[in-house]
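Per this note's numbering, residue 18 is the first one in the sequence shown, and the count goes up by one each step. From the three backbone atoms N, C-alpha and C, an ideal C-beta is built for every residue, glycine too.
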Amino acid sequence: MSHLIILPIVLPALLAPFIIMVLRHHLDLQRIFSIGGTVVLLAVALVLTWQAAGGAIQVYELGDWPAPFGIVLVLDRLSAMMVLLTALLALVVLLHAVGSGWDARGWHFHALFQFQLMGVLGAFLTGDAFNLFVFFEVLLIASYGLMIHSGGSARLRAGVQYVVYNLLGSTLFLFALGTIYSVTGTLNMADLAVKIGQLPAEDTALIRVGAVLLLLVFAIKAAVLPLHFWLPASYANAPAPVAALFAIMTKVGAYAILRFYTLVFPPDLGVTAGLVGEWLLPAALLTLVVGMVGILGARQVSRMTAFAAIGSMGTLLTAISLFTPQATAAALYYVVHSTFATALMFLVADLVIERRGDGLEPTAPMPQGGLIAALFFAGAIAVAGMPPLSGFIGKLLVLDAARADPDMRLIWAVLLVMSLVAIIGLGRVGSLLFWKPHDAALGLALDAEAAGDDVAAADPGPRAPGLPFVAVFALLGALVLLTVLAGPMSSYAAATVEQLYDPTGYIDAVLKGP
C-alpha cells in the first residue's frame, strides 16, 4: 500500500499549523514554505497521475482498517486528474498572491490557503461519503477566512452570505447522509453502490429522497441555478487570487455529481433512473444563460468575471447532465479548460482593478494597458469558447456529444447563442477598459488622480511586480498546452470515462482492499 496517496492531504494539513505557530511573524518565510510545499504537492500530483494513467485503482486504508468499516482514500484516473489540476492552479495563484502583495494585506493567508488545499484535495480523494462532508466543511471554513482576507464591509457581507448558503448546503448534506445510512447502514461509496443495487422495491423511496438531497447539496457547491445566488457577490468581493483559486471550488460540486451519479446512483439504476439528468439539464442551461447575460449587464470588472465563472459552470454541467460516455469525456476536457480560463480572467481582472479601479466608467489609460489588453483579449477568447484556444475544442466536444440527445436543438441553440452573448459582453467590457480611455477628448477631461483613489484603498504590502504577470502567462500557457495536447487529453478523458461507467473495478478495489 503506497503512502503517496495520502500526501496531498497530509502535506497541507501539516504545513498550515506550522505556518501559524512558527512563522506567523515572518512573511518571507511563510511565502517560502507555502510555495515550496505547493511545488512538492505538484510533484506528488504528477506522480499520482502517472500511476493512475495505467488504469490501476489504488486504495489507501487509514489505520489499516478495511472498507467499508474503515476510512479509505481512492485514486483513479478522475481523482488523479482533479488533484493535478488543483495543484497546478494552486501554485500559479500563490505566485500571483505573493507578487501582487495580496498575501500581506491580512493575517494567515498562507495557512488558510494550505487548509483550503487540504479540503479540496481530500474531497477529490476520499472514498467515503461522510468524509466528503468533512472535507466540504474544511474547505468551507478555510474559504471563508480567505474570502474576508484584508477586510472591508462589502467583503464581510459577501462572506456572511457565502457561509449562510453553504451552511444550508451542509445541513442538507447531513440529512441526505442520515437518510441513506438509515436504509443501507453504510456510507462507503463502493459499499453504497453494492447495497443500493440490491435494495428491495419497498425501501427505495428513502433512497430517492437521499439522492435528491445530495443533488441539491452538490448543486449549491456547483452554483447551479437557482442555487447560485451566493456566487456573484462572493467571488466579486473576494481577493482576486482567492477568487481564482475558487475556480476549482465549484468543480468540487461538479466532481461530486459525476462521482455519485456514475458510481452510487448510476444512470441505469432503476431506483433513481432519470432522476438527475431530467432536472439537471434545464438547470444547467439556465445557469449558462444567467452567467452569459450577467457578463453583458455587469457594471464592475469583478462581477463580470464572477458571472463568467457561472457561465462556464453552466456549460460544464450541461455536458455532465447528459450522462453518456461521450458527453462525460467532453465534460472532463472542459473542466480543465474552464478552471484555467476562469482563473485567468480573475487574475487579469486583478491587474485591471489595481490600476484603474473596479468600475467600468471611462478613466485615463492605465499603466501597461497594452499588455493587459492583450491578456484580457486572450482570456475573453478562452471564456467565450472561441478559436484558437481550448474553449473552442471543449464546446465542440460538448455540441458533438449532444447530437444524440432528444434535446439536441435546445442545447445547441443555448450554447451557440450564449457564446455570442458572451462575445458581445466581453467585447463591451474590453472596449470600456482599453479603448475608451484613449479617446482624446475624454482623456483631457479625466482626473487621473481621482481615478486612482479606488486603487489605493488598501495597502498593497510588499510586492514582486513581475510575478503577477508570470502567473497570468502561466495560465495562458496552460490553455495553449491544453489546445495543442487536445488529442492526448481527450484520450485520457475517454479512458477515465471507461472507469467511471464500469464501476466494478472501483468497487472491487475498495471492498477487496489493496
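query, result
"Around the C-beta of W247, are 16 or more other C-beta atoms found within 10 angstroms, so that it is buried, or is it exposed?", "buried"
"Which residues bound the alpha helix (DSSP H) around Q133?", "126-142"
"Whole alpha helix (DSSP H) runs in the segment 314-350 with 4 or more residues, listed along the chain?", "318-338"
"Which value, in whole angstroms, describes the spacing of the CA atoms of E515 and L502?", "20 Å"
"Our contact map puts S329 next to A358 with C-beta atoms below 8 Å; I'd like the distance itself, whole angstroms only.", "7 Å"
"Out of F409, H127, M383, point me to the one whose CA is closest to P454's CA.", "M383"
"In the DSSP output, what is G504 paired with across the bridge?", "According to DSSP, which records beta bridges pairwise, G504 is partnered with nothing at all."
"Which stretch, first to last residue, makes up the alpha helix (DSSP H) that contains Q68?", "44-70"
"Run through DSSP, which three-state label would Y77 get?", "strand"
"By how many angstroms is the C-alpha of A260 removed from the C-alpha of L44?", "22 Å"
"When burial is assigned at 16 or more other CB atoms within 10 Å of the CB, is F86 buried or exposed?", "exposed"
"What are the complete alpha helix (DSSP H) segments, minimum 4 residues, inside the segment 345-415?", "386-401"
"Assuming G532 and V100 form a contact by the criterion Cβ under 8 Å, report the distance between their Cβ atoms to the nearest whole angstrom.", "No answer is possible for residue 532: it lies beyond the span of the chain, which begins at 18 and ends at 531."
"Taking 8 Å as the threshold, find out whether the segment 127-138 comes into contact with the segment 218-235 through three or more Cβ pairs.", "no"
"With distances taken Cα to Cα, identify the nearest neighbour of R445 among D120, A488, L58, P379.", "P379"
"Rounded to whole angstroms, what is the Cα-Cα separation between G469 and P34?", "Legend: pLDDT at G469 = 48, less than 50; position of this residue unreliable, no value from coordinates given."
"Would a C-beta distance cut-off of 9 Å place K268 and N183 closer than the cut-off?", "no"
"Here's the rule: buried if 16 or more other CB atoms are within 10 angstroms of the residue's CB, otherwise exposed. What is H354?", "buried"
"Give the C-beta separation of M233 and A271 to the nearest angstrom, bearing in mind that I take them to be a contact with Cβ-Cβ under 8 Å.", "The sequence shown places Leu at residue 233, not Met. Not confirmed; about 14 Å, so no contact."
"Per DSSP, what kind of secondary structure is L90 in: helix, strand or coil?", "strand"
"Can you tell which of Y252, W67, I36 has its C-alpha closest to the C-alpha of I52?", "I36"
"Rounded to the nearest angstrom, what separates A121 and A222 at their Cα positions?", "52 Å"
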